[in-house]
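Notes for the one structure printed next.
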Amino acid sequence: MRYILPAILSAFFIACTDSPTQSSSDYDSSKIVVEKDSKYKDFIRVKSSGHYTTVGTNNGKVGPKEGPAMRVEFEYDFSMASHEITQEEYYSLMDGKPCDGCKKKPIADITFGDIVLYANAKSKKDDLDTVYEYSDVIYDENNHVSSLENFSFHPQRLGYRLPTEAEWIFVAARNWKPENSWNNQNSDYEAHDVCTAEKDDELFCDLAGNVAEWVNDWAGKFQDTTITNFVGAPDGGSQAERVIKGGSFQNIPASMHLYTRGDVYTIISNSRKDYIGARLVIGAIKEPTWMDGNGLASSSTIKAKTSLSTVKKLLGTTRAKIAFTNGMTDNLVYMNYNDGLFSFHEIQDEMPAFHPDISPDGEWVAFCTVREGIPSNSSLYVRRLNRLGTDLVKLDAEAAAIPRFRVTPEGDTVIVYVSTAKDNNSSSFLTNTSTWQVPFSNGAFGTPVKLFDGAYHGGISPDQRLAVSGASRLKVRYASDSAETVFDDAAIDSVWYNGEQACNASLSQDGTNRTLFLDFKGKTGTKFVGSNYQIHERILIADSTGELIQSIGAPEGYTFDYTEWAGNKNLIVAALTDGINATHPLIVAVNVKDSSVTELVEGDDLMYPALWVQSIDLTKEESSLDLDSLGAYMTTSSDITTRIMKVKMDYFWKYRESAEVAIIGSSRSFSGVDPTEIESYFTVNLAYAAQDMASTDYFVQNYFLKLMPKLKAIIITLDYDRWYVTDKNWKDWFGNIPGYKYDEHHSFWKDGVPKRMYELTQNALNPNEEEYSVYAYHNGLYHSTTEGISGESPSIDNDLHWFDSKQSAYKYNLSKVKNILDSAKAAGILVIGAIFPQSPYYVKTHSAWGRYGLTLKDAAKIESAVNELTKEYDNFIIFDEYKNGENDFQEEDFSNDDHLGLKGAVKVAKHIDSLLVANKDKFPEN
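When you line the sequence shown up against the working numbering, it's residues 1116 to 2041, in that order.
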């Protein structure tokens, strides 16, 4: 294991920057031997073993996910396709056929999952191993792969796969000349037959330009270090972002860099663009190295073993979290099932984290520093259950071990702990050990109170009449006829299970007072089971009196360890020991009703699992609501845009009754207005990345005007350079999302919004806490971390002259603005059409209006038509902060070429504040 300092959060927008001052010594490619592969047609053998390359850059102007520079060394060779996968090649194995005259054009407009299926099909065709595994394939309405359940990548296998980012850079750096590629200066904004631009060298072509290329890596963080056989991050982290390389026909050569990892917007596995394709490699990586977001390098990964649908069937909800100890590092690891990402987060600390227990609200985790059965003094800590494990607090106690959260009959959250984790098979158990309780609220401990003698760390029952301990005897304390609770002096201490060895005891919290434990194939257990079994092979369950009532066997070849009752009254979570290496490669859920075992997590050594499950109690009025649909504004296959809008919809329901000004529009308003700096009226920013006028109209008509009783003004974004888009984005992103359909089915709640709407929407699939902090910063502002424009040659990502051929699209967008104005006028609502600043170099360098094209002459035509609307609608004001590049915004106000950063967002907000005050006479009285 290698420990590396945590990396900073990745940015959502990608800044294109001038070429960094990296030298050829960063890339060892010029020294390698490449030759045609005699076995695999159109593949080139790359003798990379013993060489190195560099991923990332130390150029300070790039986004944080592209730096710092990290050296990657190779201990293996591989073969890479000489060209991008053509349509002819792709459709020879997959459904469909090339378009007319497109056989030699690269396949594009495909998802990461589409390429995974193609790579596996090609491997099977050539009698090779399949490198990718998955339990199920989910397709979108266009028959593209939207998600692969239980997806795993096996680099050790010899089969076709996507290149790692390091492999791709290693080859591309041999002769990197973007100026010779198909790019936006010569491509007519379309892909060309492969290898028709000047070749990168005598063997490879189109590494720069034509179409950008999927690579295999998740977009994890880099560290200033050296990694051997680097294969990326173990999972997608908070944004589930994938890496693409090379630039495409729509990019200018100056924006194509070896270190660039993405697009204008975040690319995830189900992203699909007409300028993204792929090429394959073949080559086994026997000892791969992953590196997670905390900078922890590992030769293995922790992987989820079940799908979200299985989790929901098992638990009845996706509102669940699992925490456990990584036995290889003694660090705490957790995963939030409800964000749909299946990303594990390991929290690094100097102290170990054993026996984790999750708080009743799911927000905190308690743990101790000594394992059960060890006599050393233990410390007790609590921290937030988030990626960084923030707000760490330590209990001021001489010794505190094996914490368990509980809620008292009075409704207070407390932590029960014991004075020692040592073996309880001692005559001094009731004289030298004790059980304690400490209140925990708002991230702080109260005053500890001793409950009784004896270290009963297996739990206290909800009725407070039973406490258990199980290492290495099953000892109990119970309320006698003369004692109301185990806290009374008259309570009785006893030993169950005939005094035979027992461990891993856990007392249920569902009111049945059942105790589960593991044994050492004792006589009592053998008699009850009716046959011999191995140590820890069976979970034994006793009733409230200590009588055995059930036993459950481990899967063949395994035994149980670290058994605990889970959040479901008939569910147990446990680790499995493989019996060979005495490690714990699996965490499982055991259903007490049918004794079934479901694999949850796989890794090298997984210990002390804790599973938190939230249930929601519906009132009589709420009983008719479908919680599978209500608030379900994202799905497991949702792209990043939909996930952002789920955050914004949560904010909508939280603030709809108090918001006076609502911002809606594209990423330019998402990152361009800080609502907290608008002092005159309470404002929320509900914009999201890549929004178009169709979806702006949808949200204004169905949510803002109908459901925001105090609304005075709406700010919409006028992205004239994006008015070639019609309603495609709306249909792709939201057309099949259950939450929006459910709202529509209820006529957008015209007869009344459910009283607990915001709370109930939280029961649906949700983004994680990182996404909320990034996408909802300052009442909905995007928290950008990049700063500055790229320079004097910003990228133009569309045909500069699209206006001539997109008249219908322009008129469509103009009609949507009119729809909004008509409805807002009827409601007496002011509409502000905001035009956000972009780099002045679009105008100065390209004579272009913005990132997505438009000549200045064509832009003036659109501006003129929109200006005419201000004469027709007295509730419409145009707020132009761009002014065709002639404005007072400085480089430090931007996050990239066409998005403002945090500083610019404050400046815009103050201007809007003044505008609102000046036009308050146009507001409705409400």
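Ideal placement from N, C-alpha and C gives every residue a C-beta, glycine not left out.
All values reported here derive from a predicted model rather than from experimental measurement.
Are the region 1730 to 1742 and the region 1816 to 1830 in contact at 8 Å, needing three or more beta carbon pairs?
Short answer: they don't touch.
Report buried or exposed for VAL2032, applying the criterion of at least 16 other Cβ atoms within 10 angstroms of its Cβ.
By the neighbour-count rule (16 or more Cβ atoms within 10 Å), VAL2032 is not buried but exposed.
Could you tell me the distance, in whole angstroms, from the CA atom of THR1757 to the CA atom of VAL1396?
Approximately 32 Å between the Cα atoms of the pair.
Is it buried or exposed for GLN1300, if we count other Cβ within 10 angstroms and need 16 for buried?
The residue in question, GLN1300, is exposed, as its Cβ has fewer than 16 Cβ neighbours within 10 Å.
Buried or exposed: which applies to VAL1533, given that a residue is buried once 16 or more other Cβ atoms fall within 10 Å of its Cβ?
By the 10 Å Cβ count, VAL1533 comes out buried.
Cutting at 6 Å between CB atoms, please list the residues of its own chain near ASN1913, excluding the five before and the five after it.
Excluding sequence neighbours, ASN1913 sits near TYR1967, GLY1968.
Could you compute how far the alpha carbon of LYS1761 sits from the alpha carbon of ASN1928?
Taking the straight line joining both Cα atoms gives about 24 Å.
Tell me the DSSP bridge mates of ILE1530?
For ILE1530, which the question treats as bridged, DSSP gives the partners PHE1520, VAL1553.
Under 8 Å, do GLU1328 and ILE1359 count as touching if we go by C-beta distance?
A contact, by the Cβ cut-off of 8 Å.
In chain order, which beta strand (DSSP E) runs of at least 3 residues are fully inside the region 1814 to 1882?
The region 1814 to 1882 contains these whole beta strand (DSSP E) runs: 1828 to 1832.
Between the beta-carbon of TRP1405 and the beta-carbon of THR1416, is there less than 8 Å?
In contact: TRP1405 and THR1416 (Cβ atoms closer than 8 Å).
In the DSSP assignment, find the beta strand (DSSP E) that holds ASN1539 and state where it starts and stops.
Element bounds for ASN1539: n/a, residue is neither H nor E.
Please list the terminal residues of the continuous alpha helix (DSSP H) segment that includes MET1722.
It is not in any alpha helix (DSSP H) - MET1722 instead sits in the beta strand (DSSP E) that spans 1721 to 1728.
Kindly give me the distance between the Cβ atoms of VAL1531 and THR1546, rounded to whole angstroms, as I take these residues to be in contact under 8 Å.
Between THR1546 and VAL1531 the Cβ distance is about 20 Å, and since that is not below 8 Å, they are no contact.
Can you pull the DSSP bridge partners for GLU1188?
GLU1188 is bridged to TYR1167, THR1343.
Among ILE1950, PHE1193, ASP1445, which one has its Cα closest to the Cα of TRP1283?
When each option's Cα is compared against that of TRP1283, the closest is PHE1193.
Please report the distance separating the alpha-carbon of VAL1148 from that of VAL1246.
If I take the Cα positions, the gap works out to 26 Å.
In chain order, which beta strand (DSSP E) runs of at least 3 residues are fully inside the region 1258 to 1314?
Qualifying beta strand (DSSP E) stretches, in chain order: 1260 to 1264.
Grab me the residues of VAL1508's own chain with a C-beta within less than 6 Å of its C-beta, minus the 5 sequence neighbours each way, in chain order.
Closer than 6 Å at the Cβ level, and outside the excluded window around VAL1508, lie VAL1497.
Determine whether the beta carbon atoms of ASP2012 and SER1905 lie at a separation below 8 Å.
Taking 8 Å as the Cβ cut-off, ASP2012 and SER1905 qualify as a contacting pair.
According to the Cβ coordinates, are ALA1438 and LEU1447 closer than 8 Å?
Yes, the Cβ-Cβ distance between ALA1438 and LEU1447 is below 8 Å.
Just how far apart, CA to CA, sit ALA1334 and GLN1354?
Roughly 9 Å separates the two Cα atoms.
Under the rule that 16 or more other beta-carbon atoms within 10 Å means buried, what is LYS1537, buried or exposed?
LYS1537 is buried by the Cβ-count criterion.
Consult DSSP for VAL1788 and reduce its assignment to one of helix, strand or coil.
Coil at VAL1788, not helix or strand.
If we cut at 8 Å on Cβ distances, does PHE1319 have a partner in chain D?
The question asks about chain D, but that chain is absent: this structure has only one protein chain.
Just the Cα atoms here: how many angstroms apart are LEU1566 and ILE1342?
Distance between the alpha carbons of LEU1566 and ILE1342 is about 51 Å.
I need the boundaries of the alpha helix (DSSP H) containing SER1669, first residue and last residue.
The amino acid occupying residue 1669 in the given sequence is Ala; Ser does not appear at that position. Per DSSP, ALA1669 belongs to no alpha helix (DSSP H) and is neither H nor E.
Cα separation between LEU1581 and ASN1628?
Near 7 Å, if we compare the C-alpha coordinates of ASN1628 and LEU1581.
Let me make sure I understand the geometry here. Which of GLU1190, ASP1251, PHE1189, GLY1171 has the alpha-carbon closest to that of GLY1182?
The option with the nearest alpha carbon to GLY1182 is GLY1171.
Among residues of its own chain, excluding the 5 on either side of LEU2030, which ones have a beta-carbon nearer than 8 Å to its beta-carbon?
The answer, listed in chain order, is ILE1947, ILE1992, PHE1994.
Flag this pair as yes or no: are the beta carbons of ALA1306 and PRO1179 separated by less than 8 Å?
Contact flag unset, no.
Skipping 5 residues on each side, what residues in its chain have a beta carbon closer than 8 Å to that of THR1444?
Here the set comprises MET1116, LEU1411, GLU1461, GLN1463.
Buried or exposed for PHE1635, going by 16 or more other Cβ atoms inside 10 Å?
Its Cβ having fewer than 16 others within 10 Å, PHE1635 is exposed.
Going straight from the alpha carbon of GLY2019 to that of ASP1834, what length do you get?
Straight-line Cα distance between these residues: approximately 17 Å.
Can you list, in chain order, the residues of its chain whose CB lies under 6 Å from that of PRO1853, leaving out five sequence neighbours each side?
Closer than 6 Å at the Cβ level, and outside the excluded window around PRO1853, lie SER1744, ALA1747.
Can you tell me whether ASP1743 is helix, strand or coil according to DSSP?
In this structure, ASP1743 counts as coil in the three-state DSSP scheme.
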